[in-house]
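In the numbering used here, the protein residues as written are 1 to 426.
Set out below in structure tokens:
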């Protein structure tokens, strides 16, 4: 094992030449003295304030002790051991000690806590294991695997969920592959799938096929959220069925959108693309609303003309019925921009601008109206008007930054006024 002096040289190689003779030894001595002082201060704090915390556990009492972290973990672990090995242990006090440890332990404390798990009352083991895995190192987490087969279901679930969220991502696929949904709390695991989707997992990570037979809104929502980030093969039918559930099923629009997003993420791997045909039929059979709108956008992004046609139908119909309503015309122009119909959008917006020029309506145009006009003109390859309308937004470069990478502006970024309005990408 490396000495303190060797460790300092490893991590601070520049320190030695700069220090005078004996300086390194003095630094080591100073650090050791500081460590002793902090440990002593933590011991003293526990003696004077630990009893107060245990008598009346509160955020305020805990906060005072946390000022001495991580050194406060040592007297707390000592108290936990003493409690467990006393003739009459205090289960409530054990819970309070664990709660404090969860906020202050480091890797060393986590390893020590893991060794105490077999002695803990059953109702506290799941929590202790969660804290040990969250704060522990590689060895601690590896040792915790033994509890994946524990007789207590809450212990198994706690260890599984915490390992999935904190263990090396390379080990996650094997953990997931062995999950038996019949042995876990599906509602809790649904939340874990939501969180797991935020980790950088290995490419091609797979979920057990048995997951798709489960029910329960929270589990399914977590499952679908995971599939948005990590598409799963052979799930086209599963996702389409969920996305196109009848309205009387009571599926929230956000849940429907999640299923559509998961379908979109995995669409490249779906062999038959039967889902897009089902979505197109859905647009024809259903009354227009949030559901059809969400489906239409998905189809449009997948390159299906039926999606674009559905999105334009409403604005076109309203614009035709209200030819003198400039705002209705602008809404059509905006939708034409959004679906990439730039030539049509340019004509719609330019005609509208000309008709209201010099009128009170012309003075009510918003910066966003001018931004859409600039996008339409750029997409229609009319950079002069695009630049003029982009300037008319009066947006600062910071406000325009989110629009810099839109494909319609790409060809003009090095030309004035675009090169002045859009910040240069770093």
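Beta carbons: idealized from backbone N, C-alpha and C, even for Gly.
> Buried or exposed: residue 424, going by 16 or more other Cβ atoms within 10 Å of its Cβ?
Replying inline: Taking the first residue of the chain shown as position 1, residue 424 is located at position 424. Result: exposed.
> Alpha carbon to alpha carbon, how far is residue 21 from residue 27?
Replying inline: Within the chain shown, the letter at position 21 stands for residue 21. Within the chain shown, the letter at position 27 stands for residue 27. For residue 21, the predicted structure reports a pLDDT of 49, less than 50, and the residue's modelled location is therefore unreliable. The matter cannot be settled from this model.
>> Pop quiz: residue 315 and residue 266 are said to be a contact at Cβ under 8 Å. What is the actual Cβ separation, rounded to whole angstroms?
In response: Numbered from 1 along the chain shown, position 315 holds the residue referred to as residue 315. Numbered from 1 along the chain shown, position 266 holds the residue referred to as residue 266. Wrong, their Cβ atoms sit about 30 Å apart, outside the cutoff.
> Does the region 218-230 touch the region 187-198, meaning 3 or more C-beta pairs lie closer than 8 Å?
Replying inline: yes
> How would you call residue 157, buried or exposed, if buried means at least 16 neighbouring beta carbons within 10 angstroms?
Replying inline: The residue given as residue 157 occupies position 157 in the chain shown. Result: buried.
>> Just to confirm the assignment: which complete alpha helix (DSSP H) runs, minimum length 4, are found wholly within the region 372-407?
In response: If we require 4 residues or more, the alpha helix (DSSP H) runs fully inside the region 372-407 come out as 383-392, 397-400.
> Under the rule that 16 or more other beta-carbon atoms within 10 Å means buried, what is residue 4, buried or exposed?
Replying inline: Counting from 1 along the chain shown, the entry for residue 4 is found at position 4. Its pLDDT being 42, under 50, residue 4 is placed unreliably in this model, and the value from its coordinates should be taken loosely. Exposed, because fewer than 16 other Cβ atoms sit within 10 Å of the Cβ of residue 4.
> So what does DSSP say about residue 90, is it helix, strand or coil?
Replying inline: In the chain shown, counting from the first residue as 1, residue 90 sits at position 90. Residue state, collapsed to three classes: coil.
> Just to confirm, are residue 386 and residue 378 a CB contact at a threshold of 7 Å?
Replying inline: The sequence position of residue 386 within the chain shown is 386, counting from 1. The sequence position of residue 378 within the chain shown is 378, counting from 1. Contact: yes.
> On the three-state DSSP scale, how would you describe residue 500?
Replying inline: Outside the displayed range of the chain (1 to 426) lies residue 500, so it cannot be described from this structure.
> From this set, 162, 196, 208, which residue's C-alpha is nearest residue 180's C-alpha?
Replying inline: For the purposes of this step, residue 180 is taken as the residue at position 180 of the chain shown. Measuring C-alpha to C-alpha distances from residue 180 to each of 162, 196, 208 identifies 208 as the nearest.
> Among residues of its own chain, excluding the 5 on either side of residue 338, which ones have a beta-carbon nearer than 6 Å to its beta-carbon?
Replying inline: Walking along the chain shown from the start, residue 338 turns up at place 338. Cβ neighbours of residue 338 beyond the five flanking positions: none.
> In three-state terms, what does DSSP make of residue 67?
Replying inline: To locate residue 67, count along the chain shown from 1; it is residue 67. In this structure, residue 67 counts as coil in the three-state DSSP scheme.
> Counting Cβ pairs closer than 8 Å, one from the region 353-370 and one from the region 323-332, do we hit at least three?
Replying inline: Touching, per the Cβ criterion.
> Would you say residue 219 reaches chain B, if we count a Cβ-Cβ gap shorter than 7 Å as a contact?
Replying inline: Looking at the structure shown, chain B is missing, and only one protein chain is on hand.
> Using CA coordinates, which residue listed in 225, 132, 86 is at the minimum distance from residue 107?
Replying inline: As a first step, residue 107 is located in the chain shown; it is residue number 107 there, counting from the start. Nearest option by C-alpha distance: 132.
>> At the level of alpha carbons, what is the spacing between residue 262 and residue 225?
In response: Here the question's residue 262 lines up with position 262 in the chain shown. Here the question's residue 225 lines up with position 225 in the chain shown. Roughly 7 Å between the two C-alpha positions.
> Nearest to residue 279 by CA position, among 268, 291, 195, is which residue?
Replying inline: Counted from its first residue, the chain shown places residue 279 at position 279. Taking only the C-alpha atoms, the option nearest residue 279 is 291.
> If you run the structure through DSSP and keep just helix, strand and coil, what is residue 176?
Replying inline: Along the chain shown, read from residue 1 onward, the residue named residue 176 stands at position 176. Helix, per DSSP.
> In or out: residue 430 buried (at least 16 other Cβ within 10 Å) or exposed?
Replying inline: This structure cannot speak to residue 430, because the chain is shown only from 1 to 426.
>> Which of the three DSSP states is assigned to residue 269 in this structure?
In response: Residue numbering aside, residue 269 sits at position 269 when the chain shown is read from its first letter. Reduced to three states, the DSSP call for residue 269 is helix.
> On the three-state DSSP scale, how would you describe residue 423?
Replying inline: Here residue 423 refers to the residue found at position 423 of the chain shown. If DSSP states are grouped into helix, strand and coil, residue 423 belongs with coil.
>> Using a Cβ-Cβ cutoff of less than 7 Å, which residues in the same chain neighbour residue 431 once the five nearest sequence positions on both sides are dropped?
In response: An answer regarding residue 431 cannot be provided, because it is not within the stretch 1 to 426 covered by the chain.
> My guess is that residue 260 and residue 251 are in contact by the Cβ rule of under 8 Å, so how many angstroms apart are they, rounded?
Replying inline: If you number the chain shown from 1, residue 260 lands on position 260. If you number the chain shown from 1, residue 251 lands on position 251. Contact flag wrong, Cβ pair sits at about 11 Å.
> Does the pairing of the region 294-308 with the region 317-326 give three or more beta-carbon distances under 8 Å?
Replying inline: no
> So what does DSSP say about residue 230, is it helix, strand or coil?
Replying inline: Translated into the one-based positions of the chain shown, residue 230 becomes position 230. Looking at residue 230 - three-state DSSP - the assignment turns out to be coil, as it is neither helix nor strand.
>> Tell me the DSSP secondary structure of residue 337 in three-state form.
In response: Within the chain shown, numbered from 1, the residue matching residue 337 stands at position 337. Residue 337: helix per DSSP, three-state reduction.
> Among residues of its own chain, excluding the 5 on either side of residue 199, which ones have a beta-carbon nearer than 8 Å to its beta-carbon?
Replying inline: As a working mapping, residue 199 is identified with position 199 in the chain shown. Cβ neighbours of residue 199 beyond the five flanking positions: 165, 169, 172.
> Can the beta-carbon of residue 389 be found closer than 7 Å to that of residue 374?
Replying inline: By one-based count along the chain shown, residue 389 stands at place 389. By one-based count along the chain shown, residue 374 stands at place 374. Closer than 7 Å, so yes.
> Where does the unbroken alpha helix (DSSP H) through residue 346 begin, and where does it stop?
Replying inline: Working through the chain shown from its first residue, we reach residue 346 at position 346. Segment 342-356, the alpha helix (DSSP H) holding residue 346.
> What does a CB cutoff of less than 6 Å around residue 349 pick up in its chain, not counting 5 residues either side in sequence?
Replying inline: Here residue 349 is taken as the residue at index 349 of the chain shown, counted from 1. Scanning its chain for C-beta atoms nearer than 6 Å, with the 5 sequence neighbours on each side dropped, one finds around residue 349 the residues 333, 373, 376, in chain order.
>> Taking the alpha helix (DSSP H) that residue 309 belongs to, which residues open and close that run?
In response: In the chain shown, counting from the first residue as 1, residue 309 sits at position 309. Its alpha helix (DSSP H) spans residues 305-321.
>> DSSP three-state label for residue 112, please.
In response: Taking the first residue of the chain shown as position 1, residue 112 is located at position 112. Look at residue 112 here: in three-state DSSP terms it is helix.
> Nearest-angstrom Cα distance between residue 240 and residue 340?
Replying inline: Within the chain shown, numbered from 1, the residue matching residue 240 stands at position 240. Within the chain shown, numbered from 1, the residue matching residue 340 stands at position 340. Cα-Cα distance, rounded: 26 Å.
> So residue 346 packs on residue 380, CB below 8 Å; how close in whole Å?
Replying inline: Sequence index remark: in the chain shown, residue 346 carries index 346 (1-based). Sequence index remark: in the chain shown, residue 380 carries index 380 (1-based). So it is a contact: roughly 4 Å between Cβ atoms.
> Considering only residues of the same chain and omitting the five flanking positions on each side of residue 54, which have a CB-CB separation below 7 Å?
Replying inline: Sequence index remark: in the chain shown, residue 54 carries index 54 (1-based). Hits under 7 Å: 93, 96.
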